[in-house]
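I have placed the structure first, in the form of structure tokens, so that the comments after it can refer back to it.
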Amino acid sequence: MKVVSHRGGRGFGPDNTLGAMEEAFRAGVIAIETDVRATSDGELVISHDPKVNGHHIGRTPFATLRRDNPDRPLLREILDSLAGKVSFNIEIKVAPPEAVGEMLASYGILDDTLVTSFRKDMIEGVKRAFPAAHVGSLRWTLLNENHVLHRMKEAGVEVVALHYKAVNEDTVFILHELGLGVHAWTVNEDSEARRLHALGVDGLITDHYLDMVRLVEELDAAAG
């Protein structure tokens, strides 16, 4: 089961900052989830929330964001430092999907990156522009209607990432039967990690990366 560090190295520094991600890498983190939004002038900025210091990212030029929040990094700044050192799970919040795919491709990491979104148009946009991209659908719950699941598969979705409370034996079985990977977020309790591991979940996103890696290694060893 793959373990991924949530919010750009949460616990290693302020969320979604270059400093936190670099510190996470130095501590042994090898997989990082982070969030991308586009500014009004088309820069791809790392941010989970739509606003930073009162500025709506989509309506604000990056220079203004940088002036008022100097720790707010661009995607390319993250990749300048860490591309090829860690694998990324890039969640597109609101940004041109083709631009995200193009940047990942320019750093040669398209094959080692999972691009996810709650938005169908973002997933399809990346896959349309870059058919080799690995994409995943973020969902709070799993819609069991066959036509929904098959549409995801037809769109090139490889992974469905669910809130951990929505993951059960049935959801794992259904998704695995379709050849889809199952990831769970945000998993911070040992008991939940044990439950998900027993169900055969393929990956988990956590705020406690190092602790979860140790636990998963123990569970893997016990399972033989």
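Numbered by my numbering, the letters in the sequence shown go through residues 74 to 297 in order. Where is the CB? At the ideal position from N, CA and C, for every residue including glycine. All values derive from a computational prediction rather than experimental measurement.
| Thinking C-alpha only, which one of N241, R99 and T189 is nearest A271? | Taking the first residue of the sequence shown as position 1, residue 271 is located at position 198. Looking at the Cα atoms, N241 is the closest of the given residues.
| Where H236 and D153 are concerned, what is the direct C-alpha to C-alpha distance, given to the nearest angstrom? | Position 163 of the sequence shown holds residue 236. Position 80 of the sequence shown holds residue 153. Those two C-alpha atoms are separated by around 31 angstroms.
| request: Determine the contact status of R201 and K166, defining contact as a CB-CB distance below 8 angstroms. | output: Counting from one through the sequence shown, the residue named residue 201 turns up at place 128. Counting from one through the sequence shown, the residue named residue 166 turns up at place 93. With respect to K166, R201 sits apart: the two C-beta atoms are not nearer than 8 angstroms.
| field | Three-state class that DSSP yields for G92 in the structure shown | value | For the purposes of this step, residue 92 is taken as residue 19 along the sequence shown, with counting starting at 1. In the structure shown, G92 sits in a helix (DSSP, three-state: H, G or I).
| request: Note down the Cα distance separating E197 from G115, rounded to an integer number of angstroms. | output: For this step, residue 197 is matched to residue 124 along the sequence shown. For this step, residue 115 is matched to residue 42 along the sequence shown. Between the C-alpha atoms of E197 and G115 there is a straight-line separation of about 19 angstroms.
| request: Give the C-beta separation of G81 and I119 to the nearest angstrom, bearing in mind that I take them to be a contact with Cβ-Cβ under 8 angstroms. | output: Here residue 81 refers to the residue found at position 8 of the sequence shown. Here residue 119 refers to the residue found at position 46 of the sequence shown. That belief holds up - the Cβ atoms of G81 and I119 are roughly 6 angstroms apart, short of 8 angstroms.
| task | Please report how far the alpha carbon of R287 lies from the alpha carbon of R132, in whole angstroms. | result | Taking the first residue of the sequence shown as position 1, residue 287 is located at position 214. Taking the first residue of the sequence shown as position 1, residue 132 is located at position 59. Rounded to whole angstroms, R287 to R132 spans 42 angstroms at the Cα level.
| With a CB to CB cut of under 7 angstroms and the five nearest residues on each side skipped, what residues in its chain are close to V76? | Taking the sequence shown and counting its residues from 1, one reaches residue 76 at position 3. So the list reads A104, L277, T279, Y282, M285, V286 and V289, once near-sequence residues are dropped.
| request: Evaluate N89 with the Cβ neighbour count: other Cβ atoms within 10 Å of its Cβ, from every protein chain shown; 16 or more gives buried, anything less gives exposed. | output: As a working note, residue 89 is residue 16 in the sequence shown. Buried, since its Cβ has 16 or more Cβ neighbours within 10 Å.
| Using a Cβ-Cβ cut-off of 6 angstroms (strictly less than) and excluding sequence neighbours within five positions of G174, which residues of its own chain qualify? | Counted from its first residue, the sequence shown places residue 174 at position 101. Hits under 6 angstroms: V199, A202, F203 and A206.
| Considering only C-alpha positions, which residue in the set L216, G127, A136 and V102 is nearest to L117? | Within the sequence shown, the letter at position 44 stands for residue 117. The option with the nearest alpha carbon to L117 is A136.
| First through last residue of the beta strand (DSSP E) which encompasses T186 | Translated into the one-based positions of the sequence shown, residue 186 becomes position 113. Where T186 is concerned, the enclosing beta strand (DSSP E) stretches over T186 to S190.
| query | Of all the options L147, L248, T259 and V188, which has the alpha carbon lying nearest to the alpha carbon of H79? | reply | Counted from its first residue, the sequence shown places residue 79 at position 6. Looking at the Cα atoms, T259 is the closest of the given residues.
| Going by the beta-carbon positions, is the gap between V188 and V159 smaller than 8 angstroms? | Sequence index remark: in the sequence shown, residue 188 carries index 115 (1-based). Sequence index remark: in the sequence shown, residue 159 carries index 86 (1-based). Between V188 and V159, the CB-CB gap reaches or exceeds 8 angstroms.
| message | Suppose you measure from the CA of V181 to the CA of E262; what does that come to, to the nearest Å? | response | Counted from its first residue, the sequence shown places residue 181 at position 108. Counted from its first residue, the sequence shown places residue 262 at position 189. The sequence shown places Gly at residue 181, rather than the Val named in the question. So the two alpha carbons sit approximately 35 angstroms from each other.
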